[in-house]
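What follows is a short report on a single structure.
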Amino acid sequence: MTLQHKAWALVLLTVGLLTSMAVLVSGYSIAQSFSSLERARGEREGERAQRLLAQQMQGLSATGRDYAYWSDAVAFVTGQDPDFMSENFTAENMKSLRISEVLALDLEGAPVASVMLADDGSLRPMSSDTSLLLQRLAAPVLADPHSETVLQTYHHSGAGLMLISIAAVRAQNALGAPPSGALAVVRHFDQTELQRFSDVLMAPVQLSLADAGHSGIGFHMEEVDDTQAQVHAVIRDHDGHAAAELVLGLDRQLYREGRSLAWAAGAQVAVAGLALGALLVFLLDHLLLRRLHRLHRQLKTVSEAELVSDARVDVDGSDELTAVATGLNGLLLRVRQDAERQRQAHEKQEALQMQLMQSQKTEALGRFTGGIAHDFNNSLAAISGWMRVAEEDLDPAHPSHEALQQALKATRYASGLMRQLLAYSRQSAPHLERVSLGALIEDTRSLMAAGLTQRSTLVVQCDTDDASVQADPTQMQQVLVNLLMNASDAMEGRGTIWLHLRSVDLPAAPGVVVSPECATLAEGRYICLTVQDEGPGIAAEHLSRLFDPFFTTKAVGRGTGLGLSVAYGIVARHGGVIGVRSAPGAGACFSLYLPACEPVEETAALTRALEPSGTRELLFVDDDPLVRRAWSTLLQRMGWVVTQAEDGEEAWALFQRQEQDWAVVLTDLAMPKLDGCGLARRIAETHRPPPMVLMSGNVSIDDADHLVETLFSEVLHKPVDAAELERVLKKLVAGFPAEAA
Numbered sequence: 207m208t209l210q211h212k213a214w215a216l217v218l219l220t221v222g223l224l225t226s227m228a229v230l231v232s233g234y235s236i237a238q239s240f241s242s243l244e245r246a247r248g249e250r251e252g253e254r255a256q257r258l259l260a261q262q263m264q265g266l267s268a269t270g271r272d273y274a275y276w277s278d279a280v281a282f283v284t285g286q287d288p289d290f291m292s293e294n295f296t297a298e299n300m301k302s303l304r305i306s307e308v309l310a311l312d313l314e315g316a317p318v319a320s321v322m323l324a325d326d327g328s329l330r331p332m333s334s335d336t337s338l339l340l341q342r343l344a345a346p347v348l349a350d351p352h353s354e355t356v357l358q359t360y361h362h363s364g365a366g367l368m369l370i371s372i373a374a375v376r377a378q379n380a381l382g383a384p385p386s387g388a389l390a391v392v393r394h395f396d397q398t399e400l401q402r403f404s405d406v407l408m409a410p411v412q413l414s415l416a417d418a419g420h421s422g423i424g425f426h427m428e429e430v431d432d433t434q435a436q437v438h439a440v441i442r443d444h445d446g447h448a449a450a451e452l453v454l455g456l457d458r459q460l461y462r463e464g465r466s467l468a469w470a471a472g473a474q475v476a477v478a479g480l481a482l483g484a485l486l487v488f489l490l491d492h493l494l495l496r497r498l499h500r501l502h503r504q505l506k507t508v509s510e511a512e513l514v515s516d517a518r519v520d521v522d523g524s525d526e527l528t529a530v531a532t533g534l535n536g537l538l539l540r541v542r543q544d545a546e547r548q549r550q551a552h553e554k555q556e557a558l559q560m561q562l563m564q565s566q567k568t569e570a571l572g573r574f575t576g577g578i579a580h581d582f583n584n585s586l587a588a589i590s591g592w593m594r595v596a597e598e599d600l601d602p603a604h605p606s607h608e609a610l611q612q613a614l615k616a617t618r619y620a621s622g623l624m625r626q627l628l629a630y631s632r633q634s635a636p637h638l639e640r641v642s643l644g645a646l647i648e649d650t651r652s653l654m655a656a657g658l659t660q661r662s663t664l665v666v667q668c669d670t671d672d673a674s675v676q677a678d679p680t681q682m683q684q685v686l687v688n689l690l691m692n693a694s695d696a697m698e699g700r701g702t703i704w705l706h707l708r709s710v711d712l713p714a715a716p717g718v719v720v721s722p723e724c725a726t727l728a729e730g731r732y733i734c735l736t737v738q739d740e741g742p743g744i745a746a747e748h749l750s751r752l753f754d755p756f757f758t759t760k761a762v763g764r765g766t767g768l769g770l771s772v773a774y775g776i777v778a779r780h781g782g783v784i785g786v787r788s789a790p791g792a793g794a795c796f797s798l799y800l801p802a803c804e805p806v807e808e809t810a811a812l813t814r815a816l817e818p819s820g821t822r823e824l825l826f827v828d829d830d831p832l833v834r835r836a837w838s839t840l841l842q843r844m845g846w847v848v849t850q851a852e853d854g855e856e857a858w859a860l861f862q863r864q865e866q867d868w869a870v871v872l873t874d875l876a877m878p879k880l881d882g883c884g885l886a887r888r889i890a891e892t893h894r895p896p897p898m899v900l901m902s903g904n905v906s907i908d909d910a911d912h913l914v915e916t917l918f919s920e921v922l923h924k925p926v927d928a929a930e931l932e933r934v935l936k937k938l939v940a941g942f943p944a945e946a947a
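Under this note's numbering, read the sequence shown as residues 207 to 947, first letter to last.
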């Protein structure tokens, strides 16, 4: 063999060895990179499955607590309401709430009643094995003297996996009270739930009850074959023991593409290396081996980098290695796009969770406000009643007469604040009356003079003589205060805020500028209120979302994103619109358009006595003695003969015992023994029932409409104005037949 042949042989051998090494290194790097990506994906999917199941448990627990923290549930476990289970846990209700079984226990842990939703949709008693299991699990809940323990656990049996939540039975407002029993709700994690679970995860899911936990490992991945892998996510009960495993089926597309890519890269590198090695060692070194080395280095960098990074393989030239680099970059791009979509989906889920938390805070505010509204408004009613008596007893020239007027104004403001809170929690109907926006602005200016706008200047311009609208003054003041606070915040408390009132006729005359939102309003006269600030303005991309709930441009902790959405809803409920225009650096201008009231002539004041039509007998029922005494005195001064009763039972006895016919029955709603609705039902069944007027401190919007339609002639909200009460009573007596009165 000649030296040339030896040289060629040495070159070919060297090139062959180097090419083989490059193929092996590249294939190994690619395989490791895609294996890491596959393991990371399996870990994320396992964590998603565990979080989703935990969310189902939280939802089931919230449903159980809603029923357990209920006065009706307390009455049931103590034997006072035998229809609680049949009325609340029907087959349709359990199916909609995805509850499979329910067990009620008394304070001793003994079963009171149970129900199970069978596969055919019928209701059956719970099995004894399940009942014994729930009794054992309920022991720590019943042993908690403050009713704060809520058990959430998983349990597997021959039928599959069960989600179990047990809460103490107590009244709604009895926080910290000892339990009266316990309520356990169970959801069977059957094939239907698994299918729903699979649809959410977008991957097939199975339930494994054998060898759950795999010796304490939280989750792991098993390779089934080249096309499928399984991720095992462990489900643990309240004691930390493995109860079952969620088995997620994942495709191994990354593995197959990586393996194919490794083979393709190896083949291309080998062919190119041998071809170039046959020509020149120099070309082999400079055109192949160095590029392979760079490719290997970049692949290693990509495999070690996060998916969110922009690391990629350099693409240069037009040979086979270029195709490999292009394929890798395309694959990396698809992987990053998938990761970005998953990240966006996760952020959307987190945003929805935050919205749920905000709505729960709003619900808690509504429950708290509703709980204190009755007593608070009763106190205001008694205060305003006695002040009305004192006002009538004093000469208008008396020095204290003005003080009483101011005190009555303060009670009306306090009542307005309570109506504002109740309206915000959707428990109180708006109180519509004729309101002058000019006077409302002056009241609001006084209210905020020493508050958030103390370093800002308010400039008011009124271009109309009559700025009256039909509105709830408290709600409209809430809108105005919100806009002024936002303007002050935008200017960081320094600057000038312009308020402009004017009258606008729609459709607008040529040359008159109105907001585009006015296109949805009917023809007529409107009052336009604009609030202009000197702040930095609002970005154009934020204008379309400005009135969306929970959207805010303020820093974290300075705004909830509810103020403008509430203002938008209030204005819409009053038949108006609200619009905004802004430009960066030019401040923001909010425009409110409300239907104007027609001019009215002055009417004579109501007299303080009844028309001479004989004695009028009135039955006044209220459990608060201060309210009874104050308003009985006022009613007597109006000309009524008032008979007082402290609850519905006493009123019913007086109604039956006394022979005279009653002209009107004025009653409270929430009272011991027999409430106002119960009294109204009894009186309605008599031969000649008189008009019934409800005067309550806490009546929701829906309840007020329903009560007027079914039981009562009028519904008044405490503290009622004396003139309003007199007007209602006169109207009822005038419209009631004389022989019935």
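For glycine and all other residues, C-beta sits at the position ideal for the given N, C-alpha and C.
Since the model is a prediction, treat every value here as computed from it, not as a measurement.
In this structure, residue 337 and residue 309 form a Cβ contact; the two beta carbons are roughly 6 Å apart against a cut-off of 8 Å. The shortest C-alpha to C-alpha distance from residue 863 to any of 889, 881, 841 is the one to 889.
With fewer than 16 other CB atoms across the displayed protein chains lying within 10 angstroms of its CB, residue 299 is exposed. Here DSSP, grouped into helix, strand and coil, assigns residue 433 to coil. Within the same chain, Cβ atoms closer than 6 Å to the Cβ of residue 460 are found at 240, 243, 244, the five residues on either side in sequence being excluded.
In the three-state reduction of the DSSP assignment, residue 859 falls in the helix class. In the structure shown, residue 711 falls within a strand segment according to DSSP collapsed to helix, strand and coil.
A distance below 7 Å between beta-carbons, with the five flanking residues on each side excluded, links residue 841 to the following residues of its chain, in chain order: 824, 826, 848. The residue from 541, 452, 470 with its alpha-carbon nearest to that of residue 230 is 470. Rounded to the nearest angstrom, the gap between the Cα atoms of residue 320 and residue 291 is 8 Å. Following the DSSP letters along the chain, one finds residue 923 inside the beta strand (DSSP E) bounded by residues 920 to 923.
Distance check between residue 647 and each of 686, 328, 404 places 686 closest, using alpha-carbon atoms only. About 6 Å separates the beta carbons of residue 327 and residue 297, which is inside the 8 Å limit, making them a contact pair. In the DSSP annotation of this structure, the continuous segment of the alpha helix (DSSP H) that includes residue 300 starts and ends at 297 to 303. Fully enclosed alpha helix (DSSP H) runs of no fewer than 4 residues occupy 679 to 696 of the stretch 676 to 703, in order along the chain. In the three-state DSSP reduction, residue 428 falls in the strand class (E or B).
The Cβ atoms of residue 413 and residue 400 lie closer than 8 Å to each other. Following the DSSP letters along the chain, one finds residue 414 inside the beta strand (DSSP E) bounded by residues 411 to 414. In the three-state scheme derived from DSSP, where H, G and I count as helix and E and B as strand, residue 589 is classed as helix. DSSP lists 372 as the beta-bridge partner residues of residue 357.
Contact annotation: residue 423 and residue 360 have beta-carbon atoms that are not nearer than 8 Å.
Going by beta carbons, residue 510 and residue 474 fall outside the 8 Å limit.
The Cβ atoms of residue 617 and residue 351 do not sit closer than 8 Å to each other. Rounded to the nearest angstrom, the Cβ distance from residue 684 to residue 776 is 7 Å, consistent with a contact under 8 Å. Nearest Cα to residue 426 within the set 249, 317, 383, 274: 249.
By the Cβ rule, the stretch 826 to 840 counts as touching the stretch 865 to 883, because three or more pairs are nearer than 8 Å.
When DSSP reads this structure, residue 362 sits in a beta bridge with 367.
By the CB criterion at 8 Å, residue 366 and residue 345 fall outside the cutoff.
Counting of Cβ neighbours within 10 angstroms places residue 681 among the buried residues, the total reaching 16 or more.
Using a Cβ distance threshold of 8 Å, residue 226 and residue 468 do not count as a contacting pair. Residues 467 of the same chain have their beta carbon placed closer than 7 Å to that of residue 533, with the five preceding and five following residues left out of the count.
Rounded to the nearest angstrom, the Cβ distance from residue 454 to residue 436 is 7 Å, consistent with a contact under 8 Å. The alpha helix (DSSP H) runs of length 4 or more contained entirely in the stretch 494 to 558 are, from start to end of the chain, 496 to 510. Assigned with DSSP and collapsed to three states, residue 744 falls in coil, not helix or strand. Burial is judged here by how many other beta carbons sit within 10 angstroms of a residue's own beta carbon; residue 546 has fewer than 16 and is exposed. Within the model, the alpha-carbon separation for residue 456 versus residue 434 is close to 6 Å.
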